[in-house]
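K.L.:
Before we start, here is the structure in question, set down as structure tokens.
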Amino acid sequence: MEKNNEKLRYILQYYYDKGKNASQACEKICAVYGEGTLSKSAARKWFARFHSGNFDVKDEARSGRPLTEKADEILEKVQQDKHISSVDIGMELGIDHKTVLNHLHKAGYKKKLDVWVMS
């Protein structure tokens, strides 16, 4: 999804550089990629950003809950001890055991008969 948004922003920047306005750019993009691909308000927001001199099409960092930086440590603990519980990993690393479970499931691990295995 992020790559598609970034692609649209580059296209918006192209139309901005050509001297088009946000409404025209939005109409042309929607004609090619389908209605609802881009709203006129989003196009206006990006045109205002370009007009202010900011041509960076990447999203700015957002506030909110940070992703845990302990994913590698979680996987390392499971590789060292296939019988370790998510609660034990969480206690050792100081994070919630549900976060541990989420990372393990994303990495393809499942608990079967008290052993972590790749699914």
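With the first letter of the sequence shown counted as 1, position 80 gets the number 80 in UniProt numbering; the numbers rise by one all the way through. For every residue, glycine included, the Cβ atom is placed at its ideal position computed from N, Cα and C. The structure displayed is predicted, hence computed values, not measured ones.
Spatial neighbours of arginine 9 within its chain, please: C-beta separation below 8 Å, excluding the five flanking residues on both sides.
P.N.:
Taking the sequence shown and counting its residues from 1, the one referred to as residue 9 is at position 9. Sequence-distant Cβ neighbours of arginine 9 in its own chain, meaning closer than 8 Å and more than five residues away, are Trp46, Val57.
K.L.:
In the DSSP assignment, find the unbroken beta strand (DSSP E) run with alanine 112 in it and report its ends.
P.N.:
For the purposes of this step, residue 112 is taken as the residue at position 112 of the sequence shown. Checking the sequence, you will find lysine at residue 112 rather than alanine. From DSSP, the beta strand (DSSP E) with lysine 112 extends over 109-112.
K.L.:
Mapping DSSP to helix, strand and coil, what is methionine 1?
P.N.:
Taking the first residue of the sequence shown as 1, we reach residue 1 at position 1. Because the pLDDT at methionine 1 is just 40, under 50, the model does not fix this residue reliably, and the value given afterwards should be weighed accordingly. Note: methionine 1 maps to coil in three-state DSSP.
K.L.:
I need the straight-line Cα distance from valine 32 to alanine 25, nearest angstrom please.
P.N.:
The residue labelled residue 32 in the question sits at position 32 within the sequence shown. The residue labelled residue 25 in the question sits at position 25 within the sequence shown. Roughly 11 Å separates the two Cα atoms.
K.L.:
Nearest-angstrom Cα distance between aspartate 81 and glutamine 13?
P.N.:
In the sequence shown, residue 81 corresponds to position 81, counting from 1. In the sequence shown, residue 13 corresponds to position 13, counting from 1. About 51 Å.
K.L.:
Measuring straight from C-alpha to C-alpha, what distance separates methionine 1 and glutamate 69?
P.N.:
The count along the sequence shown starts at 1 and reaches residue 1 at position 1. The count along the sequence shown starts at 1 and reaches residue 69 at position 69. Confidence in methionine 1 is poor, its pLDDT being 40 and thus under 50, which makes the residue's placement too unreliable to answer from.
K.L.:
Among Gly19, Ala43, Asp17, whose alpha-carbon lies nearest the alpha-carbon of glutamate 27?
P.N.:
To locate residue 27, count along the sequence shown from 1; it is residue 27. Checked all of Gly19, Ala43, Asp17; the closest Cα to glutamate 27 is Ala43.
K.L.:
Excluding sequence positions up to five away, which residues of its chain have a Cβ less than 6 Å from the Cβ of histidine 103?
P.N.:
Working through the sequence shown from its first residue, we reach residue 103 at position 103. Closer than 6 Å at the Cβ level, and outside the excluded window around histidine 103, lie Ala71, Ile74.
K.L.:
Methionine 118 bridges to which residues according to DSSP?
P.N.:
Translated into the one-based positions of the sequence shown, residue 118 becomes position 118. Partner(s): Tyr109.
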